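Heads up: the structure comes next, in structure tokens.
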Amino acid sequence: QVQLVQSGAEVKKPGASVKVSCKASGYSFTGYYIQWVRQAPGQGLEWMGRIDPHSDGAKYAQKFQGRVTMTRDTSISTAYMELSRLTSDDTAVYYCARDRQVSMDVWGKGTTVTVSS
Amino acid sequence: QSALTQPPSASGSPGQSVTISCTGTSSDVGGYNYVSWYQQHPGKAPKLMIYEVTKRPSGVPDRFSGSKSGNTASLTVSGLQAEDEADYYCSSYAGGNYVFGTGTKVTVL
Numbered sequence: 070q071v072q073l074v075q076s077g078a079e080v081k082k083p084g085a086s087v088k089v090s091c092k093a094s095g096y097s098f099t100g101y102y103i104q105w106v107r108q109a110p111g112q113g114l115e116w117m118g119r120i121d122p123h124s125d126g127a128k129y130a131q132k133f134q135g136r137v138t139m140t141r142d143t144s145i146s147t148a149y150m151e152l153s154r155l156t157s158d159d160t161a162v163y164y165c166a167r168d169r170q171v172s173m174d175v176w177g178k179g180t181t182v183t184v185s186s
Numbered sequence: 128q129s130a131l132t133q134p135p136s137a138s139g140s141p142g143q144s145v146t147i148s149c150t151g152t153s154s155d156v157g158g159y160n161y162v163s164w165y166q167q168h169p170g171k172a173p174k175l176m177i178y179e180v181t182k183r184p185s186g187v188p189d190r191f192s193g194s195k196s197g198n199t200a201s202l203t204v205s206g207l208q209a210e211d212e213a214d215y216y217c218s219s220y221a222g223g224n225y226v227f228g229t230g231t232k233v234t235v236l
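Going down the list, the protein sequences come from chains C and X. Sequential numbering from 70 applies to the first sequence in my numbering. Sequential numbering from 128 applies to the second sequence in my numbering.
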């Protein structure tokens, strides 16, 4: 079945970077964009950006420009989201999702990132 | 890009209908027929309920329907059931970007 499996929870100190992985299975990895969305505790969903696994092209939300990098490794059907210069405001659950017909039809279970000194 | 505006809460008794609005601008909701709706239960990942304004993915009950007029999209849940109690988020394509709504908590009384 189609699924996205994300890496485990992370605890980081302010100023550090975090890299979250998202492994796809059950479909052609290069055929669909991967979107990244985060959700701070008790808050709503926030779009961070997306990557095209076929071309390796990425588009980022303006808020995260310069601080986020999305990459992929087609040999292992895995997408990555790296966020740098972390602050406590980056404490959130980070989700990857498959983009199909301009919507997010399959989601990973989420990766909790906690930023604390 | 500002978040789309949704009412914080909505409620209804079992069997009743509830409609959630999602207001944006001509740069997002009004400019494209790419509005999606997501259901999220506590501690779970969001689930796609509606895409391209009105379409339902396979497996989503036909009690869920979507519509759009101008810059405002709507999600209607008919015949409310206990398992429909959740947070609901709209999302719109915005010319290369995506924007989510502020979220609506639906309570089944």
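For every residue, glycine included, the Cβ atom is placed at its ideal position computed from N, Cα and C. Note that the coordinates shown come from a computational prediction; the quantities given were computed from them, not determined experimentally.
Problem - Contact check, residue 220 (chain X) vs residue 171 (chain C), beta carbons under 8 Å - result: yes
Exercise for the section: Compare the C-beta of residue 171 (chain C) with all C-beta atoms of chain X and state if any pair is closer than 8 Å. Expected result: yes
Practice task
Return the Cβ separation of residue 130 (chain C) and residue 117 (chain C) in integer angstroms, given the expectation that the two are a contact with Cβ distance under 8 Å.
Solution key: 6 Å
Practice task
Using 10 angstroms around the beta-carbon of residue 161 (chain C), count the other beta-carbons present and answer buried if the total reaches 16, otherwise exposed.
Solution key: buried
Handout entry: Among X:138, X:177, X:129, X:133, the one whose alpha carbon lies nearest that of residue 206 (chain X)
Key = X:138
Problem - Against chain B: residues of the segment 100 to 117 of chain C by CB proximity under 9 Å - result: Here chain B cannot be found, since the structure's protein chains are C and X.
Practice task
Inspect the CB distances between the segment 151 to 167 of chain C and the segment 85 to 103 of chain C and report whether three or more fall short of 8 Å.
Solution key: yes
Problem - chain C residues whose Cβ lies nearer than 7 Å to that of residue 175 (chain X) - result: 172, 173, 174
Handout entry: CB contact below 8 Å: residue 198 (chain X) versus chain C
Key = no
Handout entry: Segment limits, beta strand (DSSP E) that includes residue 147 (chain X)
Key = 145 to 150
Practice task
Along the beta strand (DSSP E) that carries residue 177 (chain X), what are the first and last residues, could you check?
Solution key: 174 to 177
Exercise for the section: Tell me, please, whether the segment 140 to 153 of chain X touches the segment 196 to 214 of chain X by the rule of three or more beta-carbon pairs shorter than 8 Å. Expected result: yes
Handout entry: Spatial distance of residue 186 (chain C) from residue 208 (chain X) (CA atoms)
Key = 44 Å
Practice task
Determine the direct distance from the alpha carbon of residue 217 (chain X) to that of residue 197 (chain X), and round the result to whole angstroms.
Solution key: 15 Å
Exercise for the section: Rank C:106, C:177, C:112 by C-alpha distance to the C-alpha of residue 152 (chain C) and give the top, closest one. Expected result: C:106
Problem - Own chain, CB closer than 6 Å to residue 115 (chain C), minus 5 neighbours either side, in chain order - result: 107
Handout entry: residue 232 (chain X) versus residue 174 (chain X): straight-line alpha-carbon distance, rounded
Key = 15 Å
Handout entry: Within chain X, partners of residue 179 (chain C) - CB distance below 7 Å
Key = 172
Practice task
List the residues of chain X whose Cβ lies closer than 7 Å to the Cβ of residue 130 (chain C), in chain order.
Solution key: 224
Exercise for the section: Could you name the residues of chain X that residue 164 (chain C) contacts, counting a contact when the two beta carbons are closer than 8 Å? Expected result: 172, 173
Exercise for the section: Decide if residue 167 (chain C) is buried, meaning its Cβ has at least 16 other Cβ atoms within 10 Å, or exposed. Expected result: buried
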